[in-house]
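Engineer: In the numbering used here, the protein residues as written are 10 to 59.
Questions regarding the structure given below will be posed in turn.
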């Protein structure tokens, strides 16, 4: 029984970790594009709705 609870908790942590890593990874990736664009002199911004 205890092993089943630990498996459930582990799966929960993996799923939540994956979701958070996806969000952080996507935003940091897009900010990389913005950094290069600003370095090249473009006036740019990040819109989350597009």
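Don't be surprised by glycine CBs; every beta carbon is placed ideally from N, CA and C.
In chain order, what residues of the same chain have a beta carbon less than 8 angstroms from the beta carbon of residue 41, not counting five sequence neighbours either side?
Structural biologist: For residue 41, where only same-chain residues beyond five positions count, there are no Cβ hits under 8 angstroms.
Engineer: Hey, how far is the Cα of residue 38 from the Cα of residue 26?
Structural biologist: 18 angstroms
Engineer: Looking at residue 53: is its Cβ nearer than 7 angstroms to the Cβ of residue 44?
Structural biologist: No, Cβ-Cβ distance for residue 53 and residue 44 is not below 7 angstroms.
Engineer: Distance check for residue 55 and residue 18, CA to CA, integer angstroms please.
Structural biologist: 36 angstroms
Engineer: If you draw a straight line from the alpha carbon of residue 34 to that of residue 23, how long is it in whole angstroms?
Structural biologist: 16 angstroms
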